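Q: After the structure tokens below, expect a handful of questions from me.
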Amino acid sequence: MQESKSVTPAVQPHKPPPPATIPNAPPPLPQLTPAPSDVEVHPFPVPPQPTVDLKAQGTVTPIEGGVRITFAPEAATLNPETHQAILAFGQRLSDKPHVRALIDAYSSGAVDDPSLPRRMALARGLAARSVLMNGGTPSTRIYVRVIGLPKQSAPNTPQDYIDIYQSDVEP
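Okay, so the sequence shown: first residue is 1 according to UniProt numbering, each after it adds one.
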């Protein structure tokens, strides 16, 4: 005869889950640290306003999206009319926060020495930039391109000028 052994699985004693713990009081409100004080962003220093010379030569001609300002040869001074034209351009630009001011600066001079015309064109471009910045246009919205000698100039056309125009309307 065979004896049959029945194997019963080992029963683990059943543990009840731990009792729920209920805190006596809600946790304290988190303590927020005060916001750091406003750190002043160091703005680009505004250059001095260029002097306005009543005897300075210069004219204002409207171009598409801006204005052309002429100068006397080897001069970067503004007269009241040219100064006002730059300020008026800056006021029109303030109504369009996404638009930038582009300044193309030109100057006459000897073809064999491009350095002198470029330096004079730079002085003119920076004078216009200074007027715009003093009028409230941020420096980050003004781009000065110093070109120097104009590539092609027809007879009786000015070679000493700057073109100031809006970035959304390129001539």
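We treat Cβ as the ideally placed atom computed from N, Cα and C, and that holds for glycine.
In this text the structure is predicted, and so the values were computed from the model without any measurement.
(1) Would you kindly work out how many angstroms separate the C-alpha atoms of D53 and R92, rounded to a whole number?
(2) Is the beta carbon of I103 closer than 8 Å to that of I147?
(3) Mind checking I86: buried by the 16 CB within 10 Å criterion, or exposed?
(4) Return the residue from the list P19, F71, P50 and R129 that minimises the CA-CA distance to S108.
(5) Report back the beta-carbon spacing between I63 and Y161 to the nearest angstrom; my notes put them in contact at under 8 Å.
(6) Using the beta-carbon count (16 or more within 10 Å), is L132 buried or exposed?
(7) Taking the C-alpha atoms as reference points, what is the distance between V111 and P36?
(8) Apply the 10 Å Cβ neighbour rule to P117 and answer buried if 16 or more other Cβ atoms are within range, or exposed otherwise.
(9) Whether or not the stretch 75-86 and the stretch 115-129 are in contact is what I'm after, with contact meaning three or more pairs of Cβ atoms, one per stretch, closer than 8 Å; do they touch?
(10) Between the C-alpha atoms of T140 and A25, what's the straight-line distance to the nearest angstrom?
(11) So what's L29 in DSSP terms, helix, strand or just coil?
(12) Assign T61 to buried or exposed, taking buried as 16 or more other Cβ atoms, counted over all protein chains shown, within 10 Å of its Cβ.
(13) Under 8 Å by Cβ, that's how I've got G90 and T51 pegged, so tell me the actual separation to the nearest angstrom.
(14) Starting from the Cα of Y106, find the closest Cα among V169, S115 and K96 and give me that residue.
(15) Would you kindly work out how many angstroms separate the C-alpha atoms of K55 and S167, rounded to a whole number?
(16) Please list the terminal residues of the continuous beta strand (DSSP E) segment that includes R145.
(17) On the CB-based measure, 16 or more other CB atoms within 10 Å of its CB, does I22 come out buried or exposed?
A: The answer reads as follows:
(1) 24 Å
(2) Remark: C-beta atoms of I147 and I103 do not approach each other more closely than 8 Å.
(3) buried
(4) Of the residues P19, F71, P50 and R129, the one whose Cα lies closest to the Cα of S108 is F71.
(5) The Cβ separation is near 10 Å, so there is no contact.
(6) buried
(7) 57 Å
(8) buried
(9) yes
(10) 55 Å
(11) L29 sits in coil when the DSSP states are folded into three classes, being neither helix nor strand.
(12) exposed
(13) Their Cβ separation, rounded to whole angstroms, is 18 Å, which puts G90 and T51 out of contact at 8 Å.
(14) When each option's Cα is compared against that of Y106, the closest is S115.
(15) 32 Å
(16) I142 to G148
(17) With fewer than 16 other CB atoms across the displayed protein chains lying within 10 angstroms of its CB, I22 is exposed.
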